[in-house]
Amino acid sequence: MSNLPDEDFRDTIGTIDEGGKRKFIFPKKPSGKFYEYRKIVSYILLAILVANPFIKVNGNQFMMFNVIERRFNIFGFPFWPQDFYLFVISMLVGIVFIILFTVVFGRIFCGWICPQTIFLEMVFRRIEYWIDGDRGAQLRLARQEWNAEKIRKRVIKWTVFFLISFGIANVFLAYLVGSDELFLMVEQGPIKQSSNFIALLIFTSVFYFVFVWFREQVCIIACPYGRLQGVLLDNKSINVAYDFVRGEKEVGRAKFNKKEDRATTGKGDCIDCHQCVHVCPMGIDIRNGTQLECTNCTACIDECDTIMDSVGLPKGLIRYASEDEIEKKAPFKFTARMKGYTAVLIILLGVFVGMLFLRTDVEAIVLRLPGQLFQHKGDKISNVYTYKIVNKTIKDYNDIHFELIDQKGEIKNVGKTHFKVAKEGISQGTLFIEIDEALLESDKTKVKIGVYNGKDLLETTTTNFLGPRSFN
1 MSNLPDEDFR DTIGTIDEGG KRKFIFPKKP SGKFYEYRKI VSYILLAILV ANPFIKVNGN
61 QFMMFNVIER RFNIFGFPFW PQDFYLFVIS MLVGIVFIIL FTVVFGRIFC GWICPQTIFL
121 EMVFRRIEYW IDGDRGAQLR LARQEWNAEK IRKRVIKWTV FFLISFGIAN VFLAYLVGSD
181 ELFLMVEQGP IKQSSNFIAL LIFTSVFYFV FVWFREQVCI IACPYGRLQG VLLDNKSINV
241 AYDFVRGEKE VGRAKFNKKE DRATTGKGDC IDCHQCVHVC PMGIDIRNGT QLECTNCTAC
301 IDECDTIMDS VGLPKGLIRY ASEDEIEKKA PFKFTARMKG YTAVLIILLG VFVGMLFLRT
361 DVEAIVLRLP GQLFQHKGDK ISNVYTYKIV NKTIKDYNDI HFELIDQKGE IKNVGKTHFK
421 VAKEGISQGT LFIEIDEALL ESDKTKVKIG VYNGKDLLET TTTNFLGPRS FN
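In terms of the numbering used here, the sequence shown has 27 at position 27, counting the first letter as 1, and numbering is strictly consecutive.
Written out as structure tokens, the structure is:
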């Protein structure tokens, strides 16, 4: 007979009351081994997140996602719209990695790495504990009438939260438009940079709304990752889990009584203190099993270990474990599904690395001018083309010119034959290709064009050359 708790808990969400209204969570301030580890990880990730858009490598912003101008910098390497396939592959790699990580370790990403959780738990809540106090003080303050003390604390907290939200919005904007553009906005003021300033105010309002009011509802309502747990997790996935076999035993949970020998009474090790519920930032009871709200933040593990230690019972009543490990004492195994996701991840990584090596520094596109037929120029046939050259590097190319490869003929550029393409710049124009009619074997000939900088071949591209129909 299973000792799993009753399933009725799944009919409600911990942050909604019986009337369907929002129920705010006032979690107890966590402490313990895992919380200290989380703080170290969180502050390292916060430092990286804030520093990324302001670090430059060879003049390139370390990380930038300028969607409007379709320019992306990843680890200091510039990527253009022509490299969008690399961006898609990298996103697929990230998605498959998160899926594999979830299948093996559950929703640990949400509790340890997700920026939403890190900002909420390690920045905003810690300030809230400092201003409003711990759980009990916050509950009393929430029920308290609007007197001078409550107004003072609310104004201080909301002001500090707004300033932090404004700072986060600046960092976010630096990712989108670039740190140079952000500094220019600061220098020129909001009037000359009105569009960026309006965007900054919108982002500030969004972050302020999320971290002051919406909070954990982002994870429950807005984020699709929580919903994926239902299809990704199974009995072999490692989660923050309550050992219901040990916690319930024959009799079930019961309050602790130091005068009795708990081992002989058949009572479970869970003393029903509800501290795991009070410390949970999502407002759930981990004893009810894996739930979509759980972010695997480990606060309940630390709190339960503290209680177990204080009453002289073994730690680990709540711990990282799979359901099979708890119920069947089965050791962790790398299942066929995990191996399948690993294989897909390795293949995608191989494709991504291969494409990175095949990526060229210069992208050249040569296309026939639409609606234009070929022209006779004595014994030669001439076609007109448009070209576009994208320089993806951080150096100037000062001697760009075109040459035909594997085909005798001449390329005549409209304007200068040799021209310059600036770093991270684009050059476009018109050119003519002339080939002796006797050398054409059909009415449509594939020609290969080389893009040179001086004597160095940078890129090759192909296009079609039209000529008169041959009746030979």
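Glycine residues also receive a C-beta, built at the ideal position from the N, C-alpha and C atoms.
Using a Cβ-Cβ distance cut-off of 8 Å, the region 231-247 and the region 316-325 are in contact, since at least three pairs of beta carbons, one from each stretch, lie closer than that value.
N196: member of the alpha helix (DSSP H) spanning S194 to F209, first to last residue. Beta-bridge pairing by DSSP links T306 to no other residue.
In the structure shown, R107 adopts coil according to DSSP, grouped into three states. Linking P53 to V67 through their CA atoms gives a straight-line distance of about 15 Å. Runs of the alpha helix (DSSP H) lying entirely within the region 117-165, each at least 4 residues long, are 125-132 and 135-143 in chain order. Spatial neighbours of A330 in its own chain (CB-CB distance under 7 Å, excluding positions within 5 residues in sequence) are listed in chain order as D324. Looking at the DSSP output, Q61 sits in a beta bridge with K56.
Here V447 is actually not in contact with L458; their C-beta atoms are around 18 Å apart, not less than 8 Å. Taking the CA atoms as reference points, K21 sits about 37 Å from S195. Non-local beta-carbon contacts of F166 in its own chain, meaning distances under 6 Å to residues more than five positions away in sequence, involve T204 in chain order. Around the beta carbon of G350, fewer than 16 other beta carbons sit within 10 angstroms, so the residue counts as exposed.
Beta-bridge partners assigned by DSSP to P78: N73. Counting C-beta atoms within 10 angstroms of its own C-beta, W158 has fewer than 16 neighbours from the protein chains shown and is therefore classed as exposed. The beta-carbon distance between T298 and G111, rounded to whole angstroms, is 7 Å. This is short enough to meet the 8 Å contact definition.
For H418, there is no enclosing alpha helix (DSSP H), as DSSP marks it with neither H nor E. Nearest in C-alpha terms to L404, of all of V177, L431, A321 and P224, is L431. Residue pairing from DSSP leaves A47 without any beta-bridge partner.
Y385 is not a Cβ neighbour of R359, given a cutoff of 9 Å. At the C-beta level, K249 and G226 stay beyond 9 Å of one another.
Taking a 10 Å sphere around the C-beta of Q61, we find 16 or more other C-beta atoms and assign the residue as buried.
For the beta strand (DSSP E) assignment, the uninterrupted runs of no fewer than 3 residues enclosed by the region 220-256 are, from N- to C-terminal side, 239-242.
For I25, the closest C-alpha among the options W213, Q193 and D234 is that of W213. For G350, the secondary structure class from DSSP, reduced to helix, strand or coil, is helix. Short of 7 Å from the beta carbon of D134, and not among the five residues preceding or following it, lie these beta carbons of its own chain, in chain order: K28 and K29. Residue state for V447 is assigned as strand, using DSSP reduced to three classes. C276 and R253 do not touch by the CB rule: their CB atoms are close to 12 Å apart, not below 8 Å.
Here N398 carries a strand assignment [DSSP, helix/strand/coil].
Note that the C-beta distance between V311 and F256 is below 9 Å. Counting every other CB atom within 10 Å of its CB across the protein chains shown gives P281 a total of 16 or more, marking it as buried. Per the coordinates, the alpha-carbon of W146 lies some 15 Å from the alpha-carbon of A137. In the three-state reduction of the DSSP assignment, G454 falls in the coil class, being assigned neither a helical nor a strand state. If the five residues before and after D272 are omitted, its C-beta is found closer than 8 Å to the C-beta atoms of R253, A254 and K255, all from its own chain and listed in chain order. Take the alpha-carbon of A47 and the one of L232: they are about 31 Å apart. For F432, the enclosing beta strand (DSSP E) begins and ends at I426 to D436. For the pair E424 and I394, the CB atoms are nearer than the 9 Å cut-off.
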